[in-house]
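As structure tokens, the structure follows; a few thoughts come after it.
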Amino acid sequence: ILNVEQSPQSLHVQEGDSTNFTCSFPSSNFYALHWYRWETAKSPEALFVMTLNGDEKKKGRISATLNTKEGYSYLYIKGSQPEDSATYLCAFNTGTASKLTFGTGTRLQVTL
Amino acid sequence: NAGVMQNPRHLVRRRGQEARLRCSPMKGHSHVYWYRQLPEEGLKFMVYLQKENIIDESGMPKERFSAEFPKEGPSILRIQQVVRGDSAAYFCASFPGLDTDTQYFGPGTRLTVL
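Heads up: the protein sequence lines correspond to chains U and A, in order. Take the first sequence: its position 109, counted from the start at 1, is 109 in my numbering, and no numbers get skipped. Take the second sequence: its position 101, counted from the start at 1, is 213 in my numbering, and no numbers get skipped.
See the structure below:
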């Protein structure tokens, strides 16, 4: 994999459903994997930064895991709420201050 | 601590005019990045600057685009002689350089070229 790939491209779930997305990234020359939550007309909001293989991070109902050996990360949302509706972006970089290379995002819509 | 500020939020220019986009990083952040989102595409890196220095401009188009981050004041992304293909959302991110690996994003400037 040369670029960041995210799947699915979009997802529509009911309130209360749990869901997960995938981010695949190049496993060579890897420094950190970043997850952002992005609502329309707002700033992308940083959720997690993970650097170590096996890292797991959690923030409320949202959690993420990282596998640097095979080059993937999962983002999980437990008990989705309408306010979770947003585009979820992942990005990787090759050094602490280096540029971020983004995927195209997973657009999540949660309905009542 | 105010977040990353960008202005204007919306900018309309006619073909051939100049566009100037401003980014004020978070207080204490000395690293600034510019990213662009073209229609139907993801965020793409353009340039990375520290105070008075361009560190990485590998994503900048070779012509008409320039960026600066002076010792005092905001970072400026300048696009000369704009064309319709420059219509996009331009995002700025800042980074403190210490204690975190997170880049903090502004709300973006949406440039429309008529």
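Even for Gly, the Cβ is constructed at its ideal location relative to N, Cα and C.
Going along chain A in order, which residues have a C-beta closer than 8 Å to the C-beta of residue i?
i: glycine 103/U; result: Gly154
List the residues of chain U that residue i touches, going by C-beta distances under 8 Å, in chain order.
i: threonine 214/A; result: His34, Ala46 and Val49
i: proline 219/A; result: Ala41, Lys42 and Ser43
Classify residue i as buried or exposed, calling it buried when 16 or more other Cβ atoms lie within 10 Å of its own Cβ.
i: proline 137/A; result: buried
i: alanine 179/A; result: buried
i: proline 173/A; result: exposed
i: threonine 104/U; result: buried
i: alanine 91/U; result: buried
i: proline 272/A; result: In the structure as shown, chain A begins at 113 and stops at 226. Residue 272/A is therefore absent and cannot be evaluated.
Suppose you measure from the CA of residue i to the CA of residue j; what does that come to, to the nearest Å?
i: phenylalanine 157/A; j: tyrosine 147/A; result: 4 Å
i: tyrosine 31/U; j: threonine 51/U; result: 6 Å
i: glycine 185/A; j: glycine 54/U; result: 41 Å
With distances taken between CB atoms, is the gap from residue i to residue j smaller than 8 Å?
i: threonine 224/A; j: valine 124/A; result: yes
i: serine 73/U; j: leucine 33/U; result: yes
i: alanine 114/A; j: isoleucine 191/A; result: no
i: serine 206/A; j: histidine 143/A; result: yes
i: lysine 99/U; j: aspartate 211/A; result: no
i: aspartate 17/U; j: serine 80/U; result: yes
i: threonine 40/U; j: isoleucine 77/U; result: no
What residues from chain U crowd round residue i, counting only those whose CB sits closer than 7 Å?
i: phenylalanine 207/A; result: Ala97
i: aspartate 198/A; result: In chain order: nothing, as chain U lies at least about 20 Å away.
i: tyrosine 160/A; result: Lys99
Can you pull the chain A residues whose beta carbon is under 9 Å from the beta carbon of residue i, in chain order?
i: leucine 100/U; result: Tyr145, Tyr147, Leu155, Phe157, Ala205 and Gln215
For residue i, go through chain U and note every residue whose CB falls closer than 9 Å to its CB, in chain order.
i: valine 116/A; result: Ser43
i: aspartate 168/A; result: Ser98 and Lys99
ask   = Which runs of the beta strand (DSSP E), 3 residues or longer, sit entirely within the region 43-81 of chain U?
value = Annotation note: the region 43-81 of chain U contains the following uninterrupted beta strand (DSSP E) runs of length 3 or greater, listed N- to C-terminal: 45-50, 56-59, 62-67 and 72-77.
ask   = For the region 165-222 of chain A, which segments carrying the beta strand (DSSP E) assignment without a break, of at least 3 residues, lie completely within its bounds, in sequence order?
value = Counting only unbroken stretches of 3 or more residues, the beta strand (DSSP E) elements lying wholly within the region 165-222 of chain A are 165-168, 177-180, 187-191 and 200-207, in sequence order.
request  = Identify every run of the beta strand (DSSP E) within the region 7-34 of chain U, keeping only runs that are complete inside it and at least 3 residues long; order them along the chain.
outcome  = Entirely contained in the region 7-34 of chain U, the beta strand (DSSP E) runs reaching 3 residues are, in chain order, 10-14 and 19-24.
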